[in-house]
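Peer 1: Have a look at this one before I ask anything.
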Amino acid sequence: MTTRLVSRARIGAVSVLALLLAGCGIRATEVPTNFGPAPSRVRCSLAEPDVSAQAARGLPVQVFLLCGSSLVTVDRTVRVPDGAADSERRMLVAQGLLDQLAAPPSPAEKEAGYSTDVRGGITVSGPRPGDPEDTLRLSMAPDSLTSYALAQIVCTFSDSAAAEGDGSVVLGGPGAGPPRRWECTDGVRARPGSKEPPSKDVAGE
């Protein structure tokens, strides 16, 4: 009789303990789970460039590369001969910017998550008769570029000595079609894949 009472008391104690653990959200036989390390994040940041070293290699400029889902600026240099006329200097800067956009990112830039959608071989020339004097005509029609590449080129040109510095650039293609004024907006910089640079007709400017 005494043995039965002790056994019942033990069973009752175990049941109460189980209920208390369940009430606290604790499982009596919980198995630890290892989900692995947290996913890595794109850093989109580089060490500060050596400005003096850049100046020795050429004219310091900035180009817009892709990182994550947005555009970010990266320091570059372009070669411009001393004594070049303003019109020649502008074309040299524009071509240098295109070449820099098409160049593969450096190992450090790749590690930081940078990439480019601009392909090599694109050239730039000046205005044709009837074009605004600040027109840049590409060897590819702007509309034939990917939205990423167009955003990179528009934002890079509009923020450089190749344009008027008002946040826009007049671009045309190799054909007879009229050029258009393209604008680099906050939305384009934030979402170049889904937000195409806005453009408008330049007739009458």
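So in numbering that gives the first Met the number 0, spot 180 of the sequence shown is number 179, and the numbers just go up one at a time.
Even glycine gets a Cβ: it sits at the ideal position worked out from N, Cα and C.
Go through the stretch 62-105 residue by residue and report every complete run of the alpha helix (DSSP H) that reaches 4 residues or more, in order.
Peer 2: If we require 4 residues or more, the alpha helix (DSSP H) runs fully inside the stretch 62-105 come out as 85-101.
Peer 1: Which class does Pro141 belong to by DSSP, given the choice of helix, strand or coil?
Peer 2: As a working mapping, residue 141 is identified with position 142 in the sequence shown. Correct three-state label for Pro141: helix.
Peer 1: Would you call Arg127 buried or exposed, if buried means 16 or more other Cβ atoms sit within 10 Å of its Cβ?
Peer 2: As a position in the sequence shown, residue 127 is number 128, starting the count at 1. Exposed, since its Cβ has fewer than 16 Cβ neighbours within 10 Å.
Peer 1: Using a Cβ-Cβ cutoff of less than 8 Å, which residues in the same chain neighbour Val92 once the five nearest sequence positions on both sides are dropped?
Peer 2: Position 93 of the sequence shown, counted from the start, is the residue given in the question as residue 92. Here the set comprises Leu58, Val60, Val77, Val79, Ser159, Ala160, Ala161.
Peer 1: Is it true that the CB of Gly164 sits closer than 7 Å to the CB of Arg136?
Peer 2: Residue mapping note: residue 136 aligns to position 137 of the sequence shown, counting from 1. Residue mapping note: residue 164 aligns to position 165 of the sequence shown, counting from 1. No, Cβ-Cβ distance for Arg136 and Gly164 is not below 7 Å.
Peer 1: Would you call the CB atoms of Ala148 and Asp98 closer than 7 Å?
Peer 2: By 1-based counting over the sequence shown, the position of residue 148 is 149. By 1-based counting over the sequence shown, the position of residue 98 is 99. Contact: no.
Peer 1: Below 6 Å CB to CB, which residues in the same chain sit around Tyr113 once its five sequence neighbours on both sides are set aside?
Peer 2: Here residue 113 is taken as the residue at index 114 of the sequence shown, counted from 1. Closer than 6 Å at the Cβ level, and outside the excluded window around Tyr113, lie Leu64, Cys66, Pro104.
Peer 1: Considering only the beta carbon of each residue, do Glu182 and Pro196 sit closer than 7 Å?
Peer 2: To locate residue 182, count along the sequence shown from 1; it is residue 183. To locate residue 196, count along the sequence shown from 1; it is residue 197. Cβ atoms of Glu182 and Pro196: closer than 7 Å.
Peer 1: Would you mind sorting Ser198 into buried or exposed? The rule is 16 or more other CB atoms within 10 Å of its CB.
Peer 2: As a working note, residue 198 is residue 199 in the sequence shown. Ser198 is buried by the Cβ-count criterion.
Peer 1: Does the Cβ of Pro106 have 16 or more other Cβ atoms within 10 Å, making it buried, or fewer, making it exposed?
Peer 2: For the purposes of this step, residue 106 is taken as the residue at position 107 of the sequence shown. The residue in question, Pro106, is exposed, as its Cβ has fewer than 16 Cβ neighbours within 10 Å.
Peer 1: Cα-Cα, which of Leu45, Thr72, Asp142, Ala202 is closest to Pro173?
Peer 2: Start at 1 with the first residue of the sequence shown, and residue 173 comes out as number 174. The shortest C-alpha separation from Pro173 is found at Asp142.
Peer 1: Look up Tyr113 in the DSSP assignment and give the residues it is bridged to.
Peer 2: The residue labelled residue 113 in the question sits at position 114 within the sequence shown. Its beta-bridge partners are Cys66.
Peer 1: Determine whether the beta carbon atoms of Ala111 and Arg42 lie at a separation below 7 Å.
Peer 2: Counted from its first residue, the sequence shown places residue 111 at position 112. Counted from its first residue, the sequence shown places residue 42 at position 43. In this structure, Arg42 lies closer than 7 Å to Ala111 by Cβ.
Peer 1: For Ala189, I'd like the list of residues in its chain whose CB is within less than 6 Å of its CB, leaving aside the five on either flank, ordered along the chain.
Peer 2: Here residue 189 corresponds to residue number 190 of the sequence shown, with the count starting at 1. Around Ala189: Ser69.
Peer 1: Just to confirm, are Val169 and Ser157 a CB contact at a threshold of 7 Å?
Peer 2: As a first step, residue 169 must be located in the sequence shown, where it is residue number 170. As a first step, residue 157 must be located in the sequence shown, where it is residue number 158. Going by C-beta atoms, Val169 is not nearer than 7 Å to Ser157.
Peer 1: Let me confirm a value: Asp49 is counted as buried when at least 16 other C-beta atoms fall within 10 Å, else exposed. Which label applies?
Peer 2: Stepping through the sequence shown from its first residue, residue 49 is reached at position 50. Caution applies to Asp49, whose pLDDT of 45 falls short of 50 and renders its modelled position unreliable; the model cannot decide the point.
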